[in-house]
Amino acid sequence: ATLDKLVKDMMEPAFPTIGMDAPIEHAIDFLKKKDSAVLIEDNHKLVGILTRYDVIEYLAR
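Residue numbers for the sequence shown follow our numbering, beginning at 362 and rising by one.
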């Protein structure tokens, strides 16, 4: 059964990570490829996630 598997057997490769002060173009470069999200860090600490949807929603304002 699927529920007896480990998380590591089902997880996807890690998302790319960029600093929160990076230009938005860097995040969009990742998002234009196959990555559906970019992890955002500050001083090597995870502080957020940016998705394709976030960018589209922001641009649609």
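Cβ atoms here follow ideal geometry from the backbone N, Cα and C, with glycine treated the same way.
query                                                                                                  : result
Own chain, CB closer than 6 Å to Phe391, minus 5 neighbours either side, in chain order                : Pro377 and Val399
Supposed contact pair Ile417 and Gly409 - C-beta distance, whole angstroms, cut 8 Å                    : Incorrect: roughly 17 Å between the Cβ atoms, too far for contact.
Cβ neighbours of Leu411 in the same chain (closer than 7 Å, five flanking residues each side left out) : Ala388, Ala398, Val399 and Ile401
Limits of the unbroken alpha helix (DSSP H) element including Leu392                                   : Ile385 to Lys393
Distance between beta carbons of Asp365 and Gly380, contact taken as under 8 Å                         : The pair is not a contact, with the Cβ atoms about 39 Å apart (cut-off 8 Å).
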